[in-house]
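Residue numbers (this note's numbering): 12 to 959. Where a beta carbon is used, it is the ideal one built from N, C-alpha and C, also for glycine.
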């Protein structure tokens, strides 16, 4: 009989193996240990699975088989592997379980260490794992944290066998033992069987000596008395064993009490002490020290393979657990006299033990995430980050901070303290929206078929901000589908733009999608009023059949849609802000209307959702990696997030602008997104840029590739995102939503409010109401005026621009001169957004960028009010703004209102400027009279001259 087998046969101590791996079970090695060495149990933990799964390829075929049936979450992939291993090991040990009448033959599976400080979550996961493994000889491992102990009692009362882990303290052990007894007592009183429930209380041995020996070494180094040094030295390597021996004495006392004996009479099995962490860490000690010194009846020793091999080879079997108990008491008394408190040590070791298991779980899940990404291949959009050493180090610190604090799990759990601790938890519906909308995929498909059957030639989204920018990306990226209407977007109140849209459609064959979350936003309401009236002129009482609404439940828009007999109302989610809503009904209804396969779109997005999930550690989580990089760059002064994209997906930048600016630009902090700037040579940039390059295979431009390589060589940080096909663009909506939320946390703001957008809305409503009451907006006095141009500014800006009285050219030269290093120029044009106007102003912005090395933004009002306007007013005070307004060719009346669209857009421009001024921004307004093209060209020429 070898020494391992003798432990059980001669000393009634069970030997368990602290190891599990697929090949080890499949090759019969576990069975061999059972038969040869009398092995009676197996334990697992995150560290064991991390070594098994993360450092071998023996699980790859299983992962491949699962992924071949469809993509899975990382946590599901891991649990599928782990549960299969636990089940296989439990089946090998089933004969032991049966022969011992349920006293032995157990396999242990750990509740996630992430839940160690949450009683309710521990209970839920323990129940779930117990059900999933579905083996009587499973023990669920629960840590002996203060939050774990009540879970131990409850789970025991429910008939679940528990392996209590991370015990270091005798006091904690007693609490655990009594929780077990109380749980059994509760079960017995409820009339349930208690005879088939087993439990072990796992004392971690070697870790005590590692820490205590370190503290003793420090005291030895400080001691001056040679005798004191000797006395301290003699305590090394003794404390863990002494502590365990005294714990065994407590075990004997507790399980001799009347409360226990009454349960024992009903067939209950005592909770055994289990000696864990028995591999010796100090090479000066015997490699079988923690086995030989802790042998005793009705105990368990769980050994790693190396310790098991060593004990089989040269271990000595004798009853030692009760040898020299007074000596153990003396050791603990001496330790106390040194000032080292064992309870304090135990508390520290519990904290460290939880963290070590968390670290191992992070490594384990990171390895699974890496294998999943490799199996997905090109189905998952790629991402790489190029940063100089300094910024890379800061980004790495941010990633590690997110890992150590569990921030990605806390984010998914709705913990507002990830950000500012205010109302962020109320705005996280976007995290789960893809799964929720997939459940409605059939409804979207039915709507799509209805649209097709009606023969609509056009579908027009009437919305603003998040309600319009996402659908615009879908329209411009995917184009018109055969048999479906052309999707158009109206998000401008300029009468010329409204008129142009109307001229492009057949009112009798157009579907209108009125999109507004709150239903109280001015622009969608006036759009609805206008086009519903025009549709009634053509369709009469059937006009409502050509309208659908997308709005939040209970909104003013819902009531209006019901009153006007809209064909259908689709509902958004109140817990999702507009800029995070593209993967909700606000993006999916337009997608369905234009003939996109909504289910396929969402399934593609779900790949990124799962890649950014709570179980994916920050180091391999694409959303966290991008967000921490952008956030770290912003803190280092690189706060101009410049979007570059392949031509076919170039429209993504405008959506990204809104998301980034409105989310992060507030409290004087934030990111300034830059869209539409063609990539220049390194010489035209300052040191304030962070580039995000979306590269579409098959559509990438060689000039863009080379320009980005040149920028990287020059030290600019670049995030490269690669798409295998245009169909994968939905992944990027989600990646950037996650990255923006993460960047907001790094910067230190709430990424889900928009205080300065609201300020502009309030100012606009006030001006418009005043105009309706008085018949016109208040008169203004220009700083300068001629036949074609007028200049306006608030008193502070007028004082800072005395040249404005000298005319346009002098004023713009002075305004551009206000730009400093790290600033940006914002051109805010309240004119029709068309290729001609954009082209004229684009030349001017590039001229300023190239000459002054500053970022430039070209925005059209009023749509930017609901996007970048937040950052311009609430973000860092680095913007120099030129607002451009113009007289419309003619006004367009709004049904039910005394004034028309011209007053609306003018009120929006003035409201915008008023808030810019109130925020102390450097702003000047140019108003074009008469010919718009000529006026724009004059403004552009003046800007170019200002930097010539």
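Subject >> Backbone CA spacing between residue 430 and residue 590 [nearest angstrom] >> reply: 18 Å
**OP:** Over the uninterrupted alpha helix (DSSP H) stretch that includes residue 121, give me the two end residues.
**Re:** It is not in any alpha helix (DSSP H) - residue 121 instead sits in the beta strand (DSSP E) that spans 117-121.
Subject >> Residue nearest to residue 637 in terms of C-alpha spacing, selected from 396, 691, 545, 424 >> reply: 396
**OP:** Would you identify the three-state DSSP class for residue 312, choosing helix, strand or coil?
**Re:** strand
**OP:** Reducing DSSP to helix, strand and coil, say where residue 203 ends up.
**Re:** coil
Original post:
Which residue from 104, 17, 82, 79 puts its Cα closest to that of residue 36?
Top reply: 104
Subject >> CB contact flag (residue 118, residue 53, <8 Å) >> reply: yes
Subject >> Local conformation of residue 541 per DSSP, three classes >> reply: helix
Subject >> Inter-residue Cα distance where the pair is residue 756 and residue 633 >> reply: 16 Å
Subject >> residue 528 to residue 565 span [Cα, whole Å] >> reply: 10 Å
Subject >> Every unbroken alpha helix (DSSP H) within the segment 687-738, with a cutoff of 4 residues, ordered by chain >> reply: 713-724
Subject >> Candidates 293, 295, 319, 294, of which the one nearest residue 303 by Cα >> reply: 319
Subject >> Sheet register partners of residue 395 (DSSP bridge) >> reply: 731
Subject >> C-beta atoms of residue 686 and residue 641 nearer than 8 Å >> reply: no
Subject >> As assigned by DSSP and simplified to three states, the class of residue 254 >> reply: helix
**OP:** Alpha carbon to alpha carbon, how far is residue 56 from residue 287? Give it in angstroms, no decimals.
**Re:** 12 Å
Original post:
What are the residues that DSSP puts in a beta bridge with residue 473?
Top reply: 501, 525
**OP:** Determine the DSSP secondary structure at residue 790, reduced to helix, strand or coil.
**Re:** coil
Original post:
Cβ of residue 259 within 8 Å of Cβ of residue 338?
Top reply: no
Original post:
Would you call residue 631 buried or exposed, if buried means 16 or more other Cβ atoms sit within 10 Å of its Cβ?
Top reply: buried
Original post:
So, using beta-carbon positions, are residue 871 and residue 840 closer together than 8 Å?
Top reply: yes
Original post:
Is residue 605 closer than 8 Å to residue 8 when the C-beta atoms are compared?
Top reply: Only positions 12 to 959 of the chain appear in this structure, which leaves residue 8 out of reach.
**OP:** Could you tell me the boundaries of the alpha helix (DSSP H) in which residue 744 lies?
**Re:** 740-758
Original post:
What three-state label does DSSP hand residue 89 in the structure shown?
Top reply: helix
Original post:
Among 312, 305, 358, which residue has its Cα nearest to the Cα of residue 332?
Top reply: 305
Original post:
What do you reckon, are the CB atoms on residue 613 and residue 448 nearer than 8 Å?
Top reply: yes
Original post:
Got a sec? Which residues, its chain only, sit under 8 Å from residue 647 by beta carbon, not counting five neighbours each side?
Top reply: 401, 402, 405
**OP:** Say whether the segment 769-781 touches the segment 465-480, bearing in mind that this needs 3 or more beta-carbon pairs closer than 8 Å, one atom from each stretch.
**Re:** no
Original post:
Pairing CB atoms from the segment 873-883 with CB atoms from the segment 671-680, are three or more of them under 8 Å?
Top reply: yes
Original post:
Beta carbon of residue 868: closer than 7 Å to some heavy atom of the ligand MN?
Top reply: The ligand content of the structure shown is nil, which means the ligand MN is not present either.
Subject >> Continuous alpha helix (DSSP H) assignments of at least 4 residues falling wholly in the segment 19-91 >> reply: 33-37, 40-48, 57-65, 71-79
Original post:
Looking at the unbroken alpha helix (DSSP H) that takes in residue 332, where does it start and where does it end?
Top reply: Looking at the DSSP string, residue 332 is not in any alpha helix (DSSP H), and its letter there is neither H nor E.
**OP:** Let me know the beta strand (DSSP E) ranges lying completely inside the segment 89-177, each 3 residues or longer, listed in chain order.
**Re:** 117-121, 149-154
Original post:
Between 366, 554, 383, 71, which lies nearest to residue 82 when the distance is taken from Cα to Cα?
Top reply: 383
Original post:
Terminal residues of the continuous beta strand (DSSP E) containing residue 894?
Top reply: 890-897
**OP:** Look at residue 518 and residue 546 and say whether their C-beta atoms are less than 8 Å apart.
**Re:** yes
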